[in-house]
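In mature numbering (1 follows the signal peptide of the UniProt record, and there is no 0), the protein residues as written are -24 to -1, 1 to 759. Where a beta carbon is used, it is the ideal one built from N, C-alpha and C, also for glycine. The block underneath contains the structure these notes are about, expressed in structure tokens.
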């Protein structure tokens, strides 16, 4: 069937018509989109020349800020983002999406038996309730939020689950309360009353597979099971259910917020509508303030207000025309950068009475806020130690609240990891995120234990890099050469090469000061921080460890870790190699990829090509698989003599082959807490982390990006490549937490030097026993 794509003249005429409208008003709409939609937006802009300017933002959170600062005009926001944009920036919705012909997605409803005497929402107290799983929008959040906001439900300050369990009688909240199975089971054990009405409560308490689980499970609980006295669902689900069981329809009614009853029909009463997405704009008064400096300049204010109102009309007109034209064509960008889904059937004008965000959201707001009035807010405190993390944490705090993630996040800025460890053990903070080397030390010597781990499909490797022109061909050939390191005590540039040299028996360390490994093996090095007594307290080998460093542009701050040394950090170690100060550089594989083939704007890396460098591999070690080559192909291996067919081990490789040619795979960061953290707080923290992972690493990652660079800085709070947060048991051993990387950390541990390595594979049981002992003592004292 022919479409307008087959009639280019008609298509171009419509586009020109749109462009003429825009040009006549001197308009070009600055549409803000998250980074993941930017390419689609550019394609849209190319299809409709002169209509849209695409503003690339990190996420929708940044879009709101850009609109507020007049660096963008509009953005498409869902209900939760509109709540956030309204609360923070007073953004105004001016157009809304129509979803399958409606201006809502679904409508929350409450069903009671017709014979029931319930005539007020206040009479729901003590009733047997058929709910959905914890945090389900319509079967939990909307009704619980409204009951709390109306002060019908009395809060239990222990938390939301306890509040609901105390308010209703026996209930069934079947479904997944968490995507983490162990956490899901633990949560359900804390409030068994919320599973007591379910069909299969004796086996897997109120699971998704329960008879009363699933989309219409709460209605089945009321109708088929006959166990409940009230069911929370949606009008759409109820109509679908009773269409399949028409003989039951007349026996049930909708309970309205005012206590009245209505039949279960499409015109029935709802408790709240799930609003569709809206396009938002700056509130008028913001622009008036910025353009009309004089308070008595009424003409200016009037003109600006009229202009903004006219802008809304023009924006709406253009959006509607674009929608009408491309609705049937549906190019790839249509549902990605323009509207929210393929179910959108129209863009409609926002009625005046709903043009304020709070009026548009209305009864949906309590589902977000769910206020436990009179209770001290339960928080999980993140302890932060890096510059720039506080700003990200504060944004995360706000975005999390709008997504109903509880407990709330509290951010605490400390000056170092050591301060954070102290705060965790003093119970003034709840969790911190540590690199594996820091976690090893804190878990073994400072009473921390793992709470969760970050996971990524892009593992990090410590590598040894040489120039392609170098005559070095294997890791074991480096004796007497010059080395470039990221920093004294650093993970990829110091601990990894030292551990590998010891494990591969290339060096036989004398004593426990591991700086001697570098001193004895290399002829000269640049190890920033070696001259700092706080980092290298013994002052071991300062002259040789700083021999290849150059300082800043004026030759000052030589060998400093933080104050200008050009060869400091990951970038500096590579630069040290590039500028001929070293024969080999030890760093992470991500750095060499990031600074070659035109990926970096810095001047010294402008001409670097990936072909300018090679990786040196570790020799096969029968005791360990770390750094060992796993052959799957030979086409990218340097030289045929290294083919797996020859039976020889690969000793060098292209820099793109880091997953097979490396010194060590570095474990993902560990989210840690203190052994003195109470079990209920630990459970709260696990619930929070699970919700953060599900929301901002999966379902709502365009709303707020938990991972990725933030304001041009990497690895703030969470690593850039984090794809999931996985909880771990409190008794997880160091071997389980750190895997094959543990021996490298043991070999760099001056305290454990010479001790029995098997000690490290023991669990944290001794720490847990001490925790229980402390709690028992405290209970005895205070009783």
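Residue 388, enclosing beta strand (DSSP E) - first and last residue: One-based indexing of the chain shown puts residue 388 at position 412. Run containing residue 388: 384 to 389, per the beta strand (DSSP E) assignment.
The segment 460 to 467 touching the segment 420 to 435, judged by at least three CB pairs closer than 8 Å: Inter-segment contact for the segment 460 to 467 and the segment 420 to 435 is absent: fewer than three beta-carbon pairs are separated by less than 8 Å.
Short Cβ contact (8 Å threshold) for residue 509 with residue 522: As a first step, residue 509 is located in the chain shown; it is residue number 533 there, counting from the start. As a first step, residue 522 is located in the chain shown; it is residue number 546 there, counting from the start. Taking 8 Å as the cut-off, the Cβ atoms of residue 509 and residue 522 do not count as close.
Separation of residue 12 from residue 705, as counted between CA atoms: As a first step, residue 705 is located in the chain shown; it is residue number 729 there, counting from the start. As a first step, residue 12 is located in the chain shown; it is residue number 36 there, counting from the start. Taking the straight line from one Cα to the other gives about 34 Å.
Residue 412 and residue 714 closer than 8 Å at C-beta: Taking the first residue of the chain shown as 1, we reach residue 412 at position 436. Taking the first residue of the chain shown as 1, we reach residue 714 at position 738. For residue 412 and residue 714, yes; Cβs fall inside 8 Å.
Unbroken alpha helix (DSSP H) run spanning residue 157, endpoints: Along the chain shown, read from residue 1 onward, the residue named residue 157 stands at position 181. For residue 157, the enclosing alpha helix (DSSP H) stretches over residues 157 to 166.
Cβ-based neighbour list, residue 375, same chain, cut-off 6 Å, excluding 5 preceding and 5 following: By one-based count along the chain shown, residue 375 stands at place 399. Around residue 375: 37 and 680.
Where the beta strand (DSSP E) containing residue 450 begins and where it ends: Within the chain shown, numbered from 1, the residue matching residue 450 stands at position 474. Per DSSP, residue 450 belongs to no beta strand (DSSP E) and is neither H nor E.
Euclidean distance between Cα positions of residue 108 and residue 150: Within the chain shown, residue 108 is the residue found at index 132, counting from 1. Within the chain shown, residue 150 is the residue found at index 174, counting from 1. Each residue's alpha carbon lies about 6 Å from the other.
Whole-Å CB distance - residue 54 paired with residue 185, under 8 Å assumed: For the purposes of this step, residue 54 is taken as residue 78 along the chain shown, with counting starting at 1. For the purposes of this step, residue 185 is taken as residue 209 along the chain shown, with counting starting at 1. Not a contact, Cβ separation roughly 30 Å.
Expected contact under 8 Å - CB spacing of residue 448 and residue 559 to nearest Å: Stepping through the chain shown from its first residue, residue 448 is reached at position 472. Stepping through the chain shown from its first residue, residue 559 is reached at position 583. Correct: roughly 7 Å between the Cβ atoms.
Stretch-stretch touch, CB-based, cutoff 8 Å, three pairs: the segment 150 to 161 with the segment 120 to 130: No: fewer than three Cβ pairs fall under 8 Å.
CA nearest to the CA of residue 723, picked from 484, 295, 75 and 635: Counting from 1 along the chain shown, the entry for residue 723 is found at position 747. The residue with the shortest Cα to Cα distance from residue 723 is 484.
Exposed unless 16 or more other CB atoms sit within 10 angstroms - verdict on residue 769: Nothing about residue 769 can be reported from this structure: the residues present for the chain run from -24 to 759 only.
Coil, strand or helix - residue 761 by DSSP: Lying before the first or after the last residue shown, residue 761 is absent from the chain, which here runs from -24 to 759.
Same chain, Cβ closer than 8 Å to residue 335, neighbours up to 5 away in sequence not counted: Reading the chain shown from its first residue, position 359 is the one you call residue 335. Take residue 335, set aside five residues on each side of it, and the residues of its chain with a beta-carbon closer than 8 Å to its own are 329, in chain order.
Those residues which DSSP pairs with residue 438 across a bridge: By one-based count along the chain shown, residue 438 stands at place 462. For residue 438, DSSP records a beta bridge to 564 and 640.
Those runs of the alpha helix (DSSP H) which lie wholly inside the segment 33 to 91 and span at least 4 residues: DSSP runs (the alpha helix (DSSP H)) wholly in the segment 33 to 91: 36 to 44 and 55 to 65.
The segment 240 to 258 in contact with the segment 25 to 32 per 3-pair CB rule at 8 Å: The segment 240 to 258 vs the segment 25 to 32: no contact.
Whole-angstrom distance between residue 351 and residue 404, CA atom to CA atom: As a first step, residue 404 must be located in the chain shown, where it is residue number 428. As a first step, residue 351 must be located in the chain shown, where it is residue number 375. Taking the straight line from one Cα to the other gives about 19 Å.
DSSP three-state assignment for residue 516, whether helix, strand or coil: Taking the first residue of the chain shown as 1, we reach residue 516 at position 540. DSSP places residue 516 in coil when its eight states are reduced to three.
Three-state class that DSSP yields for residue 376 in the structure shown: Counting from 1 along the chain shown, the entry for residue 376 is found at position 400. In the displayed model, residue 376 falls within a helix according to three-state DSSP.
Exposed unless 16 or more other CB atoms sit within 10 angstroms - verdict on residue 674: Reading the chain shown from its first residue, position 698 is the one you call residue 674. Counting Cβ neighbours within 10 Å, residue 674 comes out exposed, since fewer than 16 surround it.
Closest by C-alpha distance to residue 102, when choosing among 206, 307, 516 and 555: Within the chain shown, the letter at position 126 stands for residue 102. For the residues 206, 307, 516 and 555, the minimum Cα distance to residue 102 belongs to 206.
From 580, 590 and 544, residue whose alpha carbon lies closest to that of residue 565: The sequence position of residue 565 within the chain shown is 589, counting from 1. Nearest option by C-alpha distance: 590.
Range covered by the alpha helix (DSSP H) that runs through residue 199: Position 223 of the chain shown, counting from 1, holds the residue named residue 199. Its alpha helix (DSSP H) spans residues 193 to 199.
Backbone secondary structure at residue 421 - three-state DSSP: Translated into positions along the chain shown, residue 421 becomes position 445. In this structure, residue 421 counts as helix in the three-state DSSP scheme.
Element boundaries [beta strand (DSSP E), containing residue 355]: Counted from its first residue, the chain shown places residue 355 at position 379. Here the beta strand (DSSP E) through residue 355 covers 355 to 360.
Same chain only: Cβ atoms within 8 Å of residue 627, ignoring 5 sequence neighbours per side: If you number the chain shown from 1, residue 627 lands on position 651. Cβ neighbours of residue 627 beyond the five flanking positions: 449, 450, 451, 592, 593, 595 and 618.
Beta-carbon proximity of residue 693 to residue 365, cut-off 8 Å: Taking the chain shown and counting its residues from 1, one reaches residue 693 at position 717. Taking the chain shown and counting its residues from 1, one reaches residue 365 at position 389. In terms of Cβ geometry, residue 693 and residue 365 form a close pair [threshold 8 Å].
Proximity winner among 304, 567 and 401, relative to residue 461 (alpha-carbon distances): Within the chain shown, the letter at position 485 stands for residue 461. It is 567 whose Cα lies nearest to the Cα of residue 461.
Any non-hydrogen atom of the ligand FAD within 7 Å of residue 488 CB: The ligand FAD is not part of the structure shown, which contains no ligands of any sort.
Simplified DSSP assignment, three categories, for residue 796: With the chain covering only -24 through 759, there is no way to say anything about residue 796.
Cα-Cα separation, residue 218 to residue 225: Translated into positions along the chain shown, residue 218 becomes position 242. Translated into positions along the chain shown, residue 225 becomes position 249. Distance between residue 218 and residue 225, taken at the CA atoms: about 6 Å.
Residue 98 versus 119, 406, 708 and 39, residue with shortest Cα-Cα distance: In the chain shown, counting from the first residue as 1, residue 98 sits at position 122. Measuring from the Cα of residue 98, the nearest candidate turns out to be 119.
Buried or exposed (CB count within 10 angstroms, at least 16 for buried), residue 387: Taking the first residue of the chain shown as 1, we reach residue 387 at position 411. In this structure residue 387 is buried. Its beta-carbon is surrounded by 16 or more other beta-carbon atoms within 10 angstroms.
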